[in-house]
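The structure appears right after this line, and notes come after that.
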Amino acid sequence: MKAQVLLALAFPMLASCGLLSPQNSLELKPNAVVLPEDEVDSATATDMNVQTDKNLTAGQIVISDEGEGLVRRITEVTQTGAGMVGGQAVRKFYLKTENAALEDAIASGNVTLETDLTIGEASMVQALDGVSVQDFTGRINLSNVKFDIPGVPGGSITLNGFIEQTLKPNFNLKISSGSIEVFRAGMSGALKAQVTATIQANASYSPFSLSKELASWNIKRAFLVGSVPVVVVLQPKLIAGVSSNASGKVTVSVGIAPTFNTNVQLDYSRSRTTNGGWSNTFTANFALNPNFNYQVPVQGAGQAFAGLAMDIKFYGVAGPSLEAKPFINLTLSGNSGQATLKSGIRGNSKVEAGFKVLGKGLETEYKVADLEQARTFTCQAPSTCTAN
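The C-terminal residue of the sequence shown carries number 463 in the working numbering, and the numbering is unbroken.
So, in structure tokens, the structure goes:
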């Protein structure tokens with residue numbers, strides 16, 4: 076009987092964060108007012124307490140870099156006091172507010188942003204044992220990140236290696252005639268991985284599947300485009316998972332050491348009539364160095380991945396998600412020692428319904444299947460692989 080073991084490693088892109096570089100400008104509508112973070116004493120989903128020298132009235136659209144950023148319409152204004160701040164006369168206000176869109180405040184403009192991301196300990200929210208990050212380089216190390224196989228004493232799947240990148244997130248926003256004309260979010264650059272997954276079990280076991288978040292980061296970037304604060308929050312998450320089954324004792328090791336140049340992009344165009352105006356693209360070229368080794372052929376199947384999804388927020392509202400996933404699939408052919416190996420990279424981008432902070436046209440949910448570029452290899456145990 077033909078024995079098969081299938082392993083898949085997926086590594087979505089991780090980027091580190093540096094300074095964003097805005098270009099061009101945004102022109103405010105007459106009813107828009109900017110309240111910098113230092114003028115906002117507190118803010119909830121429905122109200123704000125502020126102190127400012129500006130005149131505030133119901134109906135105005137407030138833009139601020141407070142917290143993760145906000146765009147709100149004032150529905151009610153109450154003055155609660157007055158005073159001096161740094162020699163400047165200010166009044167204190169309690170504001171009742173409701174959600175608004177950036178296009179309610181911006182008459183026109185075109186802004187392009189690009190950044191080098193620097194992932195480090197300072198921006199890390201949490202990390203499990205076996206995951207560490209090198210500051211400055213942004214290299215993510217995986218050291219014996221282990222998943223136990225349920226019900227199999229000594230059975231485990233273990234990930235080792237590292238991921239490095241020089242990726243650049245970029246954004247483009249164009250507003251004309253009072254609404255969003257173009258919005259684009261993308262990532263491009265180089266991605267390098269060297270990861271090995273090892274499955275080891277001393278007995279047969281039933282199918283199982285596990286996944287967990289290994290580490291996460293939260294990175295806020297706020298900057299002025301003309302007089303308008305633009306706030307982007309980047310939320311990378313390193314996630315690993317395994318699924319596998321086997322009919323007997325098994326020891327299998329499979330690895331990937333690729334270097335990719337890749338570009339994944341999600342864009343909205345007001346003039347596009349399909350998919351609610353949304354589209355995505357993915358391109359890649361790469362050099363692959365796959366490897367595998369096994370001691371005991373066995374019937375079974377398995378999958379292991381360690382990936383990082385980049386979620387992006389604008390003004391506190393969840394927006395696009397971008398992924399680039401180096402992967403390796405291995406199919407073993409029993410006692411013959413032959414195997415087929417497929418390796419490459421998958422790209423994906425999506426946006427959930429409700430992303431309306433930039434404009435009403437962006438409310439539509441958009442998800443597509445992974446786009447893939449890959450190559451296949453014919454392999455012979457214990458470790459020889461030839462590109463097809």
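Note that the Cβ used here is the ideal one computed from N, Cα and C, for glycine as well. These numbers were taken from a predicted model, which means no experiment stands behind them.
Here the C-alpha atom of K431 lies approximately 11 Å from the C-alpha atom of E440.
Counting only runs of 3 or more residues that sit fully inside the stretch 340-370, the beta strand (DSSP E) segments are 353-362, 366-369, in chain order. For the options N350, T273, I314, the alpha carbon positioned closest to that of S328 is the one of T273. In the three-state reduction of the DSSP assignment, L437 falls in the helix class, which pools H, G and I. Rounded to the nearest angstrom, the Cβ distance from I136 to N106 is 6 Å, consistent with a contact under 8 Å. Straight-line spacing of the CA atoms in G162 and D128 works out to 11 Å. Collapsing the DSSP output to three states places L110 in coil. Shown here, D386 sits in a strand according to DSSP, grouped into three states. Looking at the DSSP output, F402 sits in a beta bridge with G419. Across the structure, L110 and T349 are spaced so that their CA atoms are roughly 37 Å apart.
If you ignore the 5 residues before and after N247, its C-beta comes within less than 6 Å of the C-beta of T187, R259, all in its own chain and listed in chain order. Spatial neighbours of D179 in its own chain (CB-CB distance under 6 Å, excluding positions within 5 residues in sequence) are listed in chain order as I136. Straight-line measurement puts the Cα of G382 at about 23 Å from the Cα of F452.
In the DSSP assignment, Q275 falls within the unbroken beta strand (DSSP E) covering 254-276. T190 and P244 do touch by the CB rule: their CB atoms are close to 6 Å apart, below 8 Å. When DSSP reads this structure, E239 sits in a beta bridge with K267.
For the 8 Å CB-CB criterion, A379 and V317 form a contact. Per the coordinates, the alpha-carbon of V227 lies some 37 Å from the alpha-carbon of S424. Secondary structure note for E447: its beta strand (DSSP E) is the uninterrupted segment 446-455. Collapsing the DSSP output to three states places D116 in a strand.
With a contact defined as Cβ atoms closer than 8 Å, S231 and Q275 qualify at about 6 Å. Judged by pairs of C-beta atoms under 8 Å, the stretch 309-324 touches the stretch 279-291, as three or more such pairs exist. The beta-carbon separation of E151 and A133, rounded to 6 Å, stays under the 8 Å limit for a contact. The straight-line gap separating the alpha-carbon atoms of R450 and T334 is approximately 14 Å. Per DSSP, the continuous beta strand (DSSP E) segment holding V152 begins and ends at 145-160. Residue environment analysis places E398 among the buried positions, since at least 16 neighbouring C-beta atoms fall within 10 angstroms of its C-beta. Taking 8 Å as the upper bound for CB-CB distance, G391 and E112 are not in contact here, some 13 Å apart. The Cβ-Cβ distance between I255 and L101 does not fall below 8 Å. Here N355 is buried, its C-beta having at least 16 other C-beta atoms within 10 Å. Residue environment for L416: buried (at least 16 other C-beta atoms within 10 angstroms of its C-beta). According to the DSSP assignment, P282 belongs to the beta strand (DSSP E) that extends over 280-292.
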